[in-house]
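J.: The letter at position 362 of the sequence shown is residue 546 when you use my numbering, and the numbering goes up by one with no holes. Backbone N, C-alpha and C fix where the C-beta goes; we use that ideal spot for every residue, glycine too. This one's a predicted model, so the numbers in the text were calculated from it and none came from an experiment.
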Amino acid sequence: MATTTVEVSCEGRTISLTSGQTAVIGRGLDCDLVITDALASRRHAELRLTGATLTVTDLGSSNGTFVDGERIGAPMALGPGSQLRLGGAAGPQVGLRSAPAGVAARMPGAAATASVTSTPAAAGQSRHETHAPAAHSAKSGPLPRKKQGVAPLPKAPSNTGVVFERYSLPSGPIQQRTPVAAGSRATVTGSVPQVMPVEPGAGGHGTGRAITIGRGLENEIVLDDLLASRQHARLVPSGGGFEVHDLGSRNGTYINGQRVTAGRLGEGDLLAIGHSRFTVRQGQLVASVDEGDVNFVANHLSFTLDGGKKLLDDVSFALEGSSLLAIIGPSGAGKSTMLKALIGSQPATEGEVYYDGRDLYSNFQDLRHRIGVVPQDDVVHRQLTVQQALRFAAELRFPDDLPDELRNQRVDEVMAELGLTEHADTRVDKLSGGQRKRTSVALELLTQPSLLFLDEPTSGLDPGLDKQVMQTLRGLADGGRTVGVITHSVANLDVCDKVLLLAPGGKVAYFGPPGDLLPFFGARDYADVFNAVTGDPDGAQQRFRESPMEDEQVEGPLSAPRREAPPLEKPPRQQSIPSQLSTLARRHVRVILADRGYSIFMLVLPIALALVAMLVPGSYGLRQQPPIGPGPGQVRFHTTEPLQLLVFLIIGAVFMGTAATIRELVGERAIYNREKAVGLSPQAYLWGKLTIFGVLTLLQSILMVLLVSLRKPMPDSAVLLGSSTVEIIVACWLTAFAAASLGLLLSSVVRTSEQAMPALVISIMAQLALCGGLFPVNGRPGLEQVSWLTPARWGYAASASTTDVRTILLSQDDPLWQHSAGVWTLSIVMLLVLAALYSAITLWRLTRKSTD
């Protein structure tokens, strides 16, 4: 290029170089020529003009720099007619041409004109005009380096190739490939769109050979993705497109964001399987992988309660990929509401959220796998080791046909990434606060999300751990993820790329680099800033809107017509319910055994109850007693011993069951809510608990009754099972199991573990009064009917039937105490009915949108 001035252009932006100058191209806001396409790295390539020679150097980009279709390694001189692309054949092309004579050079970083056109960067792109946020009109004049803020939203497809829910590629011919032959396969790799060698049918209009997509090597298209099932979907080429059939996958098959069992993939439609995306271009199947590093936009978000109160007020911002955003603000500023709106768990009442150009709310079922959320409370069982917690989480989050070695390998990779390998065998409750938080983050990183949001991750940590956590998040962002963190700590904001300051009422008081926050308010410390926005939230909002900072930093999103988002469906299960049940039951056993205090308590409790029961005076136990009295017609018996003994046995069983479960659900609420959000079945969760507590209460009942029988004889005869001891054990067991079900219900109702203990006491005392052993409840309207809803009433009735209490206590005539197989069976069935009733109500509470 025999010229001393060269114009370099891309995506409508142009800069000029003169001899001796260099320019950096990339997505970073400090680059001389900013490119919004996600195929470009933050600092992608450098151009240097030396005399008449223009040289391009790749700066270690992820997707490479290509000259004339070949990826370069060393610096390369560009000759006349050289074609320069970033990220591959589908990446943005950099235009190079000699500047017209007499045109002054526009120096990079000094007077580089950023002229943004309103047309797509590549022809042939499709978009939904009414659904996409548009870019502001371009402003003439220079764009100062490191102060140009959020770049306008990309018009061209990024690494997903999705432009507001339509998948498109730059125009031009697509390289033809040989159709897949029998026994051959293609692998989807990388974020660069690639054409799959699939036969589209005769002339693009006929029907070709069906192919399968999945993780297994037997598929024609192989996905290196742990979220994909072994055989995930079948594609049948037809009419220039494809008929798609889901093959019973665990994570689902999605067309244009909606889960389907069968559907059609036409021109421009998007098929998502795990992290892989497929679209049809000119009758051919084009694929790419979402490797993270995606743009994220909040577009005029508002959240208004039914009463009219606004919790969020017109919040807009845009983040480029691999960014770290801190959301700060005083109490009542709407930070938690903001987080729920950004992750889609509680959509904003107005506005949109865009994930790399796709409406998050409309595509939530598909995109939810790309979003990791770490709540404020730790979401790991503290009794487990780090490795155990992560391996159980991996079993729940990945398909059940995934080999154990692959799951464990992913766990090891995540531990290594977060520096947890040396703590793999350390119990979570022995970790420092920062290490526990990293373990919670590790759970989310298992599925390789592109977006990661954290709610108060440094709450309660000392300044040193606070810094460690924030530096960890900085490293995660640099590794190709977009990270958002809600925090009250302002000591380490300097590691963030952007800070969003919310004033009370969810009003934006500032959005921009952390270093400009204090100067913007003219404050010396953050306390003054918080006081200022708290005292005048409306003024703080207006001040930011009228400032140049708003134009610089909130340049991308504009209001767009609001579409009615489809109702949020329950997340797909990664495993079958039996598989989840197995995982949950094994994890629960591990948690119980790891908690030595709890295990000892569960073992000692039936022994202690048996010893207390032995204190009942008398030596006949539950056997029939010889009559005593002055003579015929005045016969009486020792009546107090069997009644008192049965009260101790049945109420002891009630106590064992309720005490075992009363804190179970409330203590795991944060863990359950997060696991349910990623596909945990509430049925499997509850059944796992009931299975373990069913076995536990059986062992406890056997131990308690057998110990009591050593001193207190069991009844003389059985009514159904042939052994009175076995019948007493069954009555105690099912009473304890029904009480355990009631305990789970109470645990789902109370809000804190502290509230669980009063609920336990009230439940025990009420059942003690209603069991019928202290005073008669039969024949007392109201009281008798209420007693039918308690396990103690039916457990006492079953044991009293076996004992034949009516013969011992002539003055009592409770029909539920008859010594007959029918009455005993009725009592046992009613215990099972009560357990089912309590469990059904508990399941209803668990399946609600959230457990309060």
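With LEU233 as the anchor, note down where its beta strand (DSSP E) starts and where it stops.
T.: Here the beta strand (DSSP E) through LEU233 covers 229-234.
J.: If you check the beta carbons only, do ALA258 and SER245 fall under 9 Å apart?
T.: Contact flag unset, no.
J.: At which residues does the beta strand (DSSP E) containing LEU508 begin and terminate?
T.: First-last of the beta strand (DSSP E) with LEU508: 508-512.
J.: Which residue from ALA844, LEU768, ALA854 and LEU777 puts its Cα closest to that of LEU870?
T.: Closest option to LEU870, Cα to Cα, is LEU768.
J.: Which residue marks the beginning of the alpha helix (DSSP H) containing ALA861, and which one marks its end?
T.: Taken as a continuous stretch (DSSP letters only), the alpha helix (DSSP H) holding ALA861 covers 853-861.
J.: For VAL945, does the count of other Cβ atoms within 10 angstroms reach 16, so buried, or fall short, so exposed?
T.: Result: exposed.
J.: What are the boundary residues of the beta strand (DSSP E) that includes MET260?
T.: Segment 260-262, the beta strand (DSSP E) holding MET260.
J.: So, for SER937: in the same chain, excluding its five sequence neighbours on each side, which residues have a beta-carbon less than 8 Å away from its beta-carbon?
T.: Result list for SER937: ARG847, VAL850 and GLY851, in chain order.
J.: Measure from the alpha carbon of VAL612 to the alpha carbon of each residue in LEU660, VAL563 and GLU597, then state which is nearest.
T.: Considering only alpha carbons, the answer is VAL563.
J.: Specify the secondary structure class of LEU929 as computed by DSSP and reduced to three states.
T.: Three-state DSSP puts LEU929 in a helix.
J.: Is the beta carbon of THR533 less than 9 Å from the beta carbon of LEU602?
T.: Cβ distance not < 9 Å, so THR533 and LEU602 don't count as in contact.
J.: Pick from GLY204, LEU243, GLY719 and ALA274: whose alpha carbon is nearest that of ASP221?
T.: When only C-alpha atoms are compared, the closest one is ALA274.
J.: What does a CB cutoff of less than 8 Å around GLY706 pick up in its chain, not counting 5 residues either side in sequence?
T.: Cβ neighbours of GLY706 beyond the five flanking positions: none.
J.: In this structure, how does DSSP classify ILE776 when only helix, strand and coil are distinguished?
T.: Helix.
J.: At a cut of 8 Å, does the region 468-480 reach the region 607-623 through at least three beta carbon pairs?
T.: No, the region 468-480 does not touch the region 607-623.
J.: CB THR234 to CB GLY204, shorter than 9 Å?
T.: Contact flag set, yes.
J.: With a threshold of 9 Å between beta-carbons, can ASP430 be considered close to chain B, or not?
T.: Given the protein chain composition of this structure (a single chain), no chain B is represented.
J.: If we count the other Cβ atoms within 10 Å of its Cβ and call it buried at 16 or more, is ASP252 buried or exposed?
T.: Exposed, because fewer than 16 other Cβ atoms sit within 10 Å of the Cβ of ASP252.
J.: Determine the extent of the beta strand (DSSP E) in which ALA207 is found, giving its start and end residues.
T.: Unbroken beta strand (DSSP E) run through ALA207: 206-210.
J.: Would you mind stating whether GLU451 and GLY441 have Cβ atoms separated by less than 9 Å?
T.: Result no, Cβ atoms of GLU451 and GLY441 do not sit closer than 9 Å.
J.: Buried or exposed for ALA981, please, with buried defined as at least 16 other CB atoms from any protein chain shown within 10 angstroms of its CB.
T.: By the neighbour-count rule (16 or more Cβ atoms within 10 Å), ALA981 is buried.
J.: Cβ of VAL1064 within 9 Å of Cβ of ALA510?
T.: The requested residue 1064 is not part of the displayed model; the chain covers only 185 to 1036.
J.: Drop a sphere of 10 angstroms on the beta-carbon of ARG771, count the other beta-carbons inside from all chains shown, and report buried for 16 or more, exposed for fewer.
T.: ARG771 is buried by the Cβ-count criterion.
J.: Taking the runs of the alpha helix (DSSP H) that are 4 residues or longer, which of them lie wholly in the region 434-488?
T.: Qualifying alpha helix (DSSP H) stretches: none in this window.
J.: Output yes or no for whether 9 Å exceeds the beta carbon distance between MET898 and ILE886.
T.: It is not a contact, given that the beta carbons lie outside the stated cut-off.
J.: Any chance the region 684-702 sits against the region 721-738, with 3 or more Cβ pairs inside 8 Å?
T.: Because the criterion of three Cβ pairs below 8 Å is met, the region 684-702 and the region 721-738 touch.
J.: Please list, in chain order, all residues of the same chain as GLY388 whose beta carbon is under 7 Å from its beta carbon, the five residues on each side excluded.
T.: Any reading at GLY388 must be qualified, since the residue scores a pLDDT of 44, below 50, and its modelled position is unreliable; the value itself is stated next. If we look at GLY388 and ignore the five residues flanking it on each side, its Cβ neighbours are GLY424 and GLY467.
J.: Using the rule of at least 16 other Cβ atoms within 10 Å of the residue's Cβ for burial, across every protein chain shown, is GLN951 buried or exposed?
T.: With 16 or more Cβ atoms within 10 Å of its Cβ, GLN951 is classed as buried.
J.: Which residues share a DSSP beta bridge with GLU534?
T.: Answer is SER486, bridged to GLU534.
J.: Work out the CA separation of GLY689 and GLY491 for me, nearest whole Å.
T.: Computed Cα separation, rounded: 14 Å.
J.: For THR418, name the three-state secondary structure that DSSP assigns.
T.: A small correction: the amino acid at residue 418 is Arg; Thr does not occupy that position in the sequence shown. Note: ARG418 maps to strand in three-state DSSP.
J.: Thinking C-beta only, is ASP639 closer than 9 Å to SER520?
T.: Cβ atoms of SER520 and ASP639: closer than 9 Å.
J.: Quick check: the Cα distance between ARG1029 and SER932, rounded to an integer number of angstroms?
T.: The straight-line gap from Cα to Cα measures roughly 7 Å.
J.: By the 10 Å Cβ neighbour count, where 16 or more other Cβ atoms means buried, how is MET654 classified, buried or exposed?
T.: By the 10 Å Cβ count, MET654 comes out buried.
J.: Check SER225 in the structure and name its three-state DSSP category.
T.: Reduced to three states, the DSSP call for SER225 is coil.
J.: Do you know offhand how far VAL406's Cα is from ARG414's?
T.: If I take the Cα positions, the gap works out to 9 Å.
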